[in-house]
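Its first residue numbered 352, the sequence shown is counted upward by one per residue in our numbering. For reference, the structure discussed in these notes is given below.
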Amino acid sequence: GIGFATSKEIVKRGPKNFVVLDRIEDPKAIAELKALNPKVTVTFYPYDVTVPVKETVKLLTNIFAKLKTVDLLINGAGILDDHQIERTIAINFTGLVNTTTAIMEFWDKRKGGPGGVIANICSVTGFNAIYQVPVYSASKAAVVSFTSSLARLAPITGVTAYSINPGITVTPLTHKFNSWLDVEPRVAELLNEHPTQTTEECGQSFVKAIEANQNGAIWKLDLGRLEPVTWTKHWDSYI
Numbered sequence: 352g353i354g355f356a357t358s359k360e361i362v363k364r365g366p367k368n369f370v371v372l373d374r375i376e377d378p379k380a381i382a383e384l385k386a387l388n389p390k391v392t393v394t395f396y397p398y399d400v401t402v403p404v405k406e407t408v409k410l411l412t413n414i415f416a417k418l419k420t421v422d423l424l425i426n427g428a429g430i431l432d433d434h435q436i437e438r439t440i441a442i443n444f445t446g447l448v449n450t451t452t453a454i455m456e457f458w459d460k461r462k463g464g465p466g467g468v469i470a471n472i473c474s475v476t477g478f479n480a481i482y483q484v485p486v487y488s489a490s491k492a493a494v495v496s497f498t499s500s501l502a503r504l505a506p507i508t509g510v511t512a513y514s515i516n517p518g519i520t521v522t523p524l525t526h527k528f529n530s531w532l533d534v535e536p537r538v539a540e541l542l543n544e545h546p547t548q549t550t551e552e553c554g555q556s557f558v559k560a561i562e563a564n565q566n567g568a569i570w571k572l573d574l575g576r577l578e579p580v581t582w583t584k585h586w587d588s589y590i
């Protein structure tokens, strides 16, 4: 999917270390990443984003002890299945918030941390819903909002953030999925009748966004193009 395509693009560019956290290990994918650039140390740790924050802190303690520094966190776990309401929110939103909360233990400058960068994978459905999958769309809208707040908090925490919002990308996720209450059984087919992008195109755009490293950016990655989204402000808290 998008995560693997982006991982390949990052490894090609030669960071010192690249760490993959996932629920299920894919030795073939890890081997492919290692072969792409032997100078990069690629490691895998099993991780389920739905675990409590304290469990994530334990795992990150181990990773930070080994690597000493971590510069970038990509939050990319996600499911698309509006039959699974609680699980959609748990993985797409709560898990992302908890993972972010956990890494703040190590990055937050108020705790003596060095700061860091967070790239959150959201979706264009976070701006304009695919209304047949309202649960998925709402979970992504929540992440867009959360990420914008993280970016505004950067002067306090030292941690910057931006959101990555792919359009319809040809992945196993979009091949077939369930609409909410089965309001549109053909939702996947209907979407794929319109122009889409490949995971490779999406991964290339993603890496451009990483290189731009713009705090608070809301990036749209659609049809092989990377474009900034200008958010319309309708209200201000004035604090």
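The beta-carbon is built from N, C-alpha and C at its ideal position, and this holds for glycine as well.
Rounded to whole angstroms, what is the Cα-Cα separation between residue i and residue j?
| i | j | result |
| --- | --- | --- |
| Y487 | E540 | 17 Å |
| T511 | G567 | 7 Å |
| P506 | T439 | 31 Å |
| L532 | A416 | 46 Å |
| F444 | I561 | 21 Å |
| P465 | A502 | 16 Å |
Identify whether residue i lies in helix, strand or coil by the three-state DSSP scheme.
| i | result |
| --- | --- |
| R576 | strand |
| Q565 | coil |
Which same chain residues end up closer than 7 Å to residue i when comparing Cβ atoms and leaving out the 5 residues on each side of it in sequence?
| i | result |
| --- | --- |
| G365 | N388, K390 and V391 |
| E552 | G575 |
| T547 | I519, T520 and V521 |
| A380 | F355 |
Under the DSSP definition of a beta bridge, which residues are partnered with residue i?
| i | result |
| --- | --- |
| N516 | K571 |
| L372 | Y396 |
| Q555 | Q555 pairs with nothing; no bridge assigned. |
Note down, in chain order, each residue of its chain lying with its Cβ closer than 6 Å to the Cβ of residue i, except the 5 sequence neighbours on either side.
| i | result |
| --- | --- |
| Q483 | S530, V534, E535 and V538 |
| F528 | L431, D432 and A539 |
For residue i, which residues in the same chain have their Cβ closer than 8 Å to its Cβ, ignoring the five residues on either side in sequence?
| i | result |
| --- | --- |
| E383 | K359 |
key: Runs of beta strand (DSSP E) wholly within the segment 391-466 (minimum 3 residues, chain order)   = Runs of beta strand (DSSP E) with 3 or more residues, each lying fully within the segment 391-466, are found at 392-397 and 423-426, listed in chain order.
key: Secondary structure, alpha helix (DSSP H): runs of 4+ residues fully inside the segment 462-512   = Runs of the alpha helix (DSSP H) lying entirely within the segment 462-512, each at least 4 residues long, are 485-503 and 505-508 in chain order.
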